[in-house]
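Below is one structure, written out as structure tokens; the observations come after it.
2 protein chains.
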Amino acid sequence: MVAEIVCVGTELLLGDIVNTNAQHISKELAHIGIDLYYQTVVGDNKERVWNVLDTALKRADLIIMTGGLGPTKDDLTKEVAASFFGKKLVFHEQTYEHVRKRLESYGISEMTESQKKQALVPEGALIVTNPAGLAPGIIMAQGDKAIVMLPGPPKEMKAVLSECCHLFINRLSDQVFVSINIKCKGPDELPLKEIGEAPVADLLGDILDNENPTVATYAKEDGVLIRVTASGKTREEALTAMQPVVTKIAEILAGKIAWVKEEV
Amino acid sequence: MVAEIVCVGTELLLGDIVNTNAQHISKELAHIGIDLYYQTVVGDNKERVWNVLDTALKRADLIIMTGGLGPTKDDLTKEVAASFFGKKLVFHEQTYEHVRKRLESYGISEMTESQKKQALVPEGALIVTNPAGLAPGIIMAQGDKAIVMLPGPPKEMKAVLSECCHLFINRLSDQVFVSINIKCKGPDELPLKEIGEAPVADLLGDILDNENPTVATYAKEDGVLIRVTASGKTREEALTAMQPVVTKIAEILAGKIAWVKEEV
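Going down the list, the sequences are from chains A and B. Residue numbers for the first sequence follow the UniProt record's numbering, beginning at 1 and rising by one. Residue numbers for the second sequence follow the UniProt record's numbering, beginning at 1 and rising by one.
Structure below.
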């Protein structure tokens, strides 16, 4: 199972906001063992969203989209995704009622035309009510491909993802991933950041080519991090696969570089 | 001039870090009026970095890459970019001296093999010394296409970008962009967040189709934002293009929705 994240929003391309959605979804996918090879950000432009979706569906099975589900003309994620799977947008009574009630609770009794648009969803899609806002989550599946659409505002995205989309995505994976961070510490006379990634990588040698667990080094502003990531059918299986490599790293670093281990 | 951002790093795909680099570069590009249609994140994998670069160069003139310039085996950005333009990696004396001196200042007198790799750069490339770290910035140009490579750690990326790459990128643009945020305020009895994007968009109507300046609405956690963005050959020209539309928005909102204006 390979996933890909597509974030739709011109505000991301203008640098007005940082893409915390991509990080949150990536972390969730890593935890449940779904591979992710690409994240793409595209603006509110029909042709470009279509092209990105086309590329994504050629190289991944599950596309998770965020943004572009709002009520305005430049919100076009569901229109593009629907037409991609040859579906029309149809009226969804439950979503209409959800939007109406939510607006009513704000003291707004009359819906605008744009607000009514929130109740249009691709025919045949699974609809996940948004507990934190108006735009629902939408799950479309066709053959062995699926598109999950989540609202853009981070609070709503997280709420819809954990509500129900999570269950759907979880079922697609039969793997669990576990990571351990090994944070290298410099000798007392050197600040952490000055140990450097290269000497640590040189010490680790061939371990960096290992497959399960994978081992990677990262230069951080406060030092060097070694990340060991194992996968398995259960958390225990992943931890068992990880153990011999962590022990080997500890042996290699012993007496040369001090370190601390953190499970993540 | 159309640019595209490609961030290389498996840690971004695992959700270990949030992609602040993409935001910073996007903002810089917007300020100097270079269009950006896509941001892509790809892991430390040679084939996939190649594919992303191939796609990016087909739809953009300037590719700004971050990450993958470090000393370890999984750092492969410069190798891929060099081979893409049919160039070899060659030894760069000045970078070698920079790395040697910087390590010496940390009290490290002997370079590892991995550290020496930092001094290999694509032949014919412009090299920008990194004032905050080891890996230099690299600018490659061929025909009307250019690739700018920046180190991944945000402090180093910013330092190299503002050092010299900025000058190079600035020269590619003859446009300046200016944005104004109009933050809508609800009536006293309603919290800001409950005004809703839809009624604001409905009021604005056709103004949302305007081209210069563009006008867009955004649902924020504390309310609704209208962003007006104008371009021109100078900041004054952009502000002049913006003025009539801002005045029209003020007239439309008058008496219906309170608002404050912020230049950005």
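Backbone N, C-alpha and C define an ideal beta-carbon position, used for all residues, glycine too.
For this session: Could you work out which residues of chain A lie near B/V42, taking near to mean beta carbons separated by less than 9 Å?
Result: Y37, Y38 and Q39
For this session: Starting from A/S105, follow the alpha helix (DSSP H) in both directions and report where the run begins and ends.
Result: E93 to S105
For this session: List the endpoints of the continuous beta strand (DSSP E) containing B/L126.
Result: L126 to V128
For this session: Compare the C-alpha of A/T214 against each of A/V2, A/I226, A/K261 and A/T112 and name the closest.
Result: A/I226
Exercise. Of the residues B/M111, B/Q142 and B/E110, which one's Cα is nearest the Cα of B/L122?
Worked result: Just to set this straight, residue 122 of chain B is Pro in the shown sequence, not Leu. It is B/Q142.
For this session: Spell out whether any CB of chain A is found under 8 Å from the CB atom of B/N170.
Result: no
Problem set entry | First through last residue of the beta strand (DSSP E) which encompasses A/M149 | K145 to L150
For this session: Measuring alpha carbon to alpha carbon, tell me which of A/K155, A/M149 and A/S179 ends up nearest A/E236.
Result: A/S179
For this session: Answer yes or no: do B/I139 and B/A125 have a C-beta to C-beta separation smaller than 8 Å?
Result: yes
Exercise. Given a limit of 8 Å on CB to CB distance, which residues of the stretch 43-58 of chain B reach chain A?
Worked result: G43, D44, N45, R48, V52 and T55
Exercise. Grouping DSSP H, G and I as helix and E and B as strand, with all else coil, what is A/S179?
Worked result: strand
For this session: Could you spell out the range, first to last residue, of the alpha helix (DSSP H) harbouring A/T20?
Result: T20 to H31
For this session: Would you give the residue range spanned by the alpha helix (DSSP H) that B/D202 belongs to?
Result: E197 to L204
For this session: Output the boundary residues of the alpha helix (DSSP H) element that contains A/Q142.
Result: Not the alpha helix (DSSP H): A/Q142 falls in the beta strand (DSSP E), residues G137 to Q142.
For this session: Leaving aside the five residues before and after B/D74 along the sequence, list all residues of the same chain whose C-beta is less than 8 Å from its C-beta, in chain order.
Result: T10, D44 and G68
Exercise. Helix, strand or coil: which one does DSSP assign to A/E211?
Worked result: coil
For this session: Look up B/T40 in the DSSP assignment and say whether it is helix, strand or coil.
Result: strand
Problem set entry | Cross-chain neighbours of B/K73 in chain A, by beta carbon under 8 Å | A201, L208 and D209
Exercise. If you drop the 5 nearest sequence neighbours on each side, which residues of the same chain put their C-beta closer than 6 Å to that of A/P71?
Worked result: S114, Q115, K117 and Q118
Exercise. Which residues of chain A have a Cβ atom closer than 7 Å to the Cβ of B/E221, listed in chain order?
Worked result: P153 and K155
Problem set entry | Which of helix, strand or coil DSSP assigns to A/A258 | strand
Problem set entry | Close beta carbons around B/V260, own chain, < 6 Å, minus the five adjacent residues each side | K183
Exercise. Checking contacts by CB at 8 Å: is residue 316 of chain B closer than that to chain A?
Worked result: Within the shown structure, residues of chain B are numbered from 1 to 264, placing residue 316 of chain B beyond reach of any answer.
Problem set entry | Positions along the stretch 12-24 of chain B whose CB lies within less than 8 Å of some CB in chain A | L12, L13, L14, G15, D16, I17, V18, N19, T20, A22, Q23 and H24
For this session: Please confirm if B/S231 has its CB atom under 8 Å from at least one CB of chain A.
Result: no
Problem set entry | chain B contact for A/E197 (CB, 8 Å cutoff) | yes
Problem set entry | Collapsed DSSP secondary structure at B/D54 in the structure displayed | helix
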